[in-house]
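Peer 1: First, the structure itself, so that you have it in front of you.
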Amino acid sequence: MAAAVLRKGGVCLWRGVVGSRLSHAQAACRDILEGELEGIKAAGTWKTERVITSKQAVTIRVQGQHEGILNFCSNNYLGLSSHPEVVQAGKDALDKYGAGLSSVRFICGTQDIHTELEGKIAKFHNRDDAILYASCFDANAGLFEILLTPEDAVLSDELNHASIIDGIRLCKARKFRYQHKNVQDLEAKLLECQDARMKLIVTDGVFSMDGNVAPLPEICSLADKHNALVFVDECHATGFFGATGRGTEEHFGLGSTRVDIINSTLGKALGGAAGGYTTGPKQLIALLRQRARPYLFSNSVPPPVVACASKVFDLLLGSAGFAEKVQANTDRFRSQMTDAGFTVAGENHPICPVMLGDARLASTFADLMLEKGIFVIGFSFPVVPKGKARIRVQISASHSFEDIDRTVEAFKQVGKKLGVIS
Ligand SMILES: Cc1ncc(COP(=O)(O)O)c(C=O)c1O
């Protein structure tokens, strides 16, 4: 907008443009923010958003690039974001149920499709019940504050997702942060809070930056030994990890009910639109419906989004084949990249971090990959630790072997050019 916005007294807001006068506070604020922005640029960690002008899919259109860019950095692990049945379900729901509810769930924002989807989620995870949120960030923000009191203790992996960290900040339980995946440290912390009324161990099932997996069998054994509960965030596991996509529990052969509480997202493998949920004991879900703040004070999930996710669960409940393809693709990518001399971190998960170290190198590498028609992104501080910049490749069931081979070839060419491999 080109016009300055005027306040009643005639003083321009600091976002106002050409010729506008700024108050001292407005000018000072702008200076502070400019300083921050310059600092990010100077550190080489500025994130530029590339603009996609097509659906999310294996082949995408990227603004300013030639046609047919291969996409290797989305969380569309099952390729369902633009699956025709999923898209059709969203269109039908738009016609039947409208664009949105203009309401939170407990006022007049609950439709039959919301409760149906919650039923399917609980069935998929073999749990009592489930509660929907607008995002998994909200599910993580809502849970801990309601479940835990000052009489309780929460023990959280130091590399858990930001939304878990924020959610735990909101609760009044005693807080313990254990070293990443370190079960000895976890046990030491459990011993420090033996007297707590409830002890909750909190971990990502799969850690999104490193593609590595929580040591769930050991965590569950410690939970048994020390009378603790286990919470797992399954955003990077639900739908595709484990033989039938039931997630980290299934990956480790722990059955489908060992973990006490699961939070996950509808915004990645499960259609990729938006939404999150908690699934677990019915008393917990009932209490969250009464008290969880992101549920009580935020709008109902829009009907087309609900219908898309619901169709995804129909597909997953009706077939077990989805997880196999993504695993075969992952094996192919990881082995070829390792043979070529790259260091690929993680544990045989579709998140394949190609480790480069330097932030600028990662960003240049990604730019050169785009010139070769492959969309990948460099990750650097503060998203990952300083000196551990990487390109996080994500494999999808919808990639073909030819797509994988073409991408490995591009990595080899760019890697040689930039001196990463010989
Ligand atoms: C481990 C983990 N938890 C939670 C979230 C938040 O999910 P949503 O996008 O549904 O808010 C993410 C998304 O990046 C995630 O990776």
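Sequential numbering of the sequence shown, starting at 727, is according to our numbering. Don't be surprised by glycine CBs; every beta carbon is placed ideally from N, CA and C.
(1) Let me know the secondary structure DSSP gives T1090 once reduced to three states.
(2) Hey, could you find the ends of the beta strand (DSSP E) Q1120 is sitting in?
(3) From I766 to Q752, what distance separates their C-alpha atoms?
(4) V928 to E762, Cα distance in whole Å?
(5) In terms of DSSP beta bridges, what is T991 paired with?
(6) Does the separation of the CB atoms of A867 and S889 fall below 9 Å?
(7) Give the range of the alpha helix (DSSP H) segment to which A867 is assigned.
(8) Would you call the stretch 893-908 in contact with the stretch 1023-1039, where contact means no fewer than 3 C-beta pairs closer than 8 Å?
(9) Does the distance from the C-beta atom of A1085 to that of F1137 stay below 9 Å?
(10) In terms of residues, what are the limits of the beta strand (DSSP E) holding V880?
(11) Are the C-beta of C834 and some C-beta of chain C separated by less than 9 Å?
(12) Find out if the Cβ-Cβ distance for the pair V1038, L806 is shorter than 9 Å.
(13) Could you work out which residue in A914, F978, G1006 and E918 is closest to V956 when comparing CA atoms only?
(14) Over what stretch of residues does the alpha helix (DSSP H) that includes F1137 continue unbroken?
(15) I need the straight-line Cα distance from C738 to W772, nearest angstrom please.
(16) May I have the straight-line CA-CA distance separating G736 from E811, to the nearest angstrom?
(17) Under 8 Å Cβ to Cβ from I795, same chain only, skipping five residues before and after it: list those, please.
(18) I'd like the span of the alpha helix (DSSP H) that includes L1022, first residue to last.
(19) Just to confirm, does N938 get its C-beta within under 8 Å of one of the non-hydrogen atoms of ligand 1?
(20) From A1033 to D757, what does the alpha carbon distance come to, in whole angstroms?
(21) For the alpha helix (DSSP H) containing F832, name the first residue and the last one.
(22) Tell me the rounded alpha-carbon separation between V1140 and L1082.
(23) DSSP three-state label for C755, please.
(24) Which class does M1063 belong to by DSSP, given the choice of helix, strand or coil?
(25) Could you spell out where the beta strand (DSSP E) holding R900 opens and where it closes?
(26) Could you please give me the residues that DSSP links to T785 through a beta bridge?
(27) Could you name the residues that DSSP lists as bridge partners for G1104?
Peer 2: Taking the geometry as given:
(1) Annotated three-state conformation of T1090 is helix, per DSSP.
(2) First-last of the beta strand (DSSP E) with Q1120: A1115 to Q1120.
(3) 21 Å
(4) 33 Å
(5) Its beta-bridge partners are G1002.
(6) yes
(7) C862 to L873
(8) no
(9) For A1085 and F1137, no; Cβs fall outside 9 Å.
(10) A879 to D883
(11) You won't find chain C in this structure, because it holds only one protein chain.
(12) yes
(13) G1006
(14) F1127 to K1143
(15) Low confidence applies here, because C738 scores a pLDDT of 45, under 50, leaving its location unreliable; read the following figure in that light. C738 and W772: Cα-Cα distance of roughly 30 Å.
(16) With a pLDDT of 41 at G736, under the threshold of 50, the modelled position of that residue is not reliable, and no figure is offered here.
(17) T785, I786, R787, V788, L1096, G1099, I1100 and F1101
(18) That run of the alpha helix (DSSP H) goes R1019 to L1022.
(19) no
(20) 46 Å
(21) R831 to C834
(22) 12 Å
(23) helix
(24) helix
(25) In the DSSP annotation of this structure, the continuous segment of the beta strand (DSSP E) that includes R900 starts and ends at R900 to Y904.
(26) L796
(27) I1117
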